[in-house]
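Undergrad: According to my numbering, the stretch in the sequence shown is residues 6 to 226, in order.
By construction, the Cβ of each residue, glycine as well, lies at the ideal position given by its N, Cα and C atoms.
Please find one structure pasted underneath; my questions will follow.
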Amino acid sequence: MGNIVGRLQSLFSPEQIDVVIGSLLGDARLECRSVGIRYPITARLRIHQSDKQKEYVFWKYEFLKDFVREGPKRVKTWHDPKRAKDHYSWYFHTKSLEELGLLHKYFYQNGIKIFPKDISEFITPRMLAVWFMDDGANTSRSFTLNTHCFSSEEQRCIVKLLKDRFFVETTIVKDRSKLKIRIGRSDYEKFTGIVQPFIISSMTYKIVNPRNDLALIAIKG
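Dropping the structure here:
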């Protein structure tokens, strides 16, 4: 990945690279429309989060807006007939860029997102925090990373990365038919200390106890 990071550094700041790669480890995706059509291959980064995460979407947008034609948009995602309630989400995407096309080769195989094996050489605490804000959950006794999209071998790579790079012990646990990563009580404070400096205010419910979003949820009904 060294050459790819070098190319990214020619276009993006270190903070922007952390947001891009941290997002790709989490919920974001790269959309590549030029494979087999033209060279060089280009791709665009798509950020898409629930209505609850509006502030988080705009936080990412502020980092990446120089590469975005239109700001975040709110869209209806589905209708709950039982509650007669519409659900919404927010999204934006970057321009299609050659540098992101190179990153697409690294993160995708046969159109499926993978966990890059050598990313431990480049991952930073901020990348980890973005990944956690995307995919993390707080049970008050442990954290989980919802890594369901990755294979069992990739899950083991994530366990190794967190141990070797951040000295955080984790385990792989089952979640129905999928797998995810659990950070137990013994490393709860250690992990919090790593990501806390980069957690934005609207996402602090993921690292504090009791969760500071529950009262707001109750008010909204």
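Which residue marks the beginning of the alpha helix (DSSP H) containing Ala48, and which one marks its end?
TA: Looking at the DSSP string, Ala48 is not in any alpha helix (DSSP H), and its letter there is neither H nor E.
Undergrad: Could you please give the first and the last residue of the uninterrupted beta strand (DSSP E) stretch that includes Ile82?
TA: A small fix is needed here, since residue 82 is Thr in this sequence, not Ile. Where Thr82 is concerned, the enclosing beta strand (DSSP E) stretches over Lys78 to Asp85.
Undergrad: Can you name, in chain order, every residue of its own chain whose Cβ lies under 6 Å from the Cβ of Thr129, other than the five neighbours on each side?
TA: Answer for Thr129: Asp23, listed in chain order.
Undergrad: Determine the DSSP secondary structure at Thr152, reduced to helix, strand or coil.
TA: Residue state, collapsed to three classes: coil.
Undergrad: Using only CA atoms, which one of Thr99, Gly116 and Val164 lies nearest to Asp71?
TA: With distances taken between Cα atoms, Asp71 lies closest to Thr99.
Undergrad: Answer with buried or exposed for Phe17, where buried requires no fewer than 16 other C-beta atoms within 10 angstroms of its C-beta.
TA: So Phe17 ends up on the buried side.
Undergrad: By Cβ distance, which residues of its chain are closer than 8 Å to Lys168, with the 5 residues on each side in sequence left out?
TA: Contacts found: Glu174 and Thr175.
Undergrad: Just reading off the alpha helix (DSSP H) that Thr197 is part of, what are its end residues?
TA: It spans Tyr193 to Val200 - the alpha helix (DSSP H) in which Thr197 sits, taken as one unbroken run.
Undergrad: Look at the alpha carbon of Thr209 and the alpha carbon of Arg88, and state the distance between them as a whole number of angstroms.
TA: Their backbone Cα atoms lie some 29 Å apart in a straight line.
Undergrad: Closer than 6 Å by C-beta to Ser182: which residues in its own chain qualify, once you throw out the five before and the five after it? Chain order, please.
TA: Cβ neighbours of Ser182 beyond the five flanking positions: none.
Undergrad: Flag this pair as yes or no: are the beta carbons of Val25 and Leu108 separated by less than 9 Å?
TA: A contact, by the Cβ cut-off of 9 Å.
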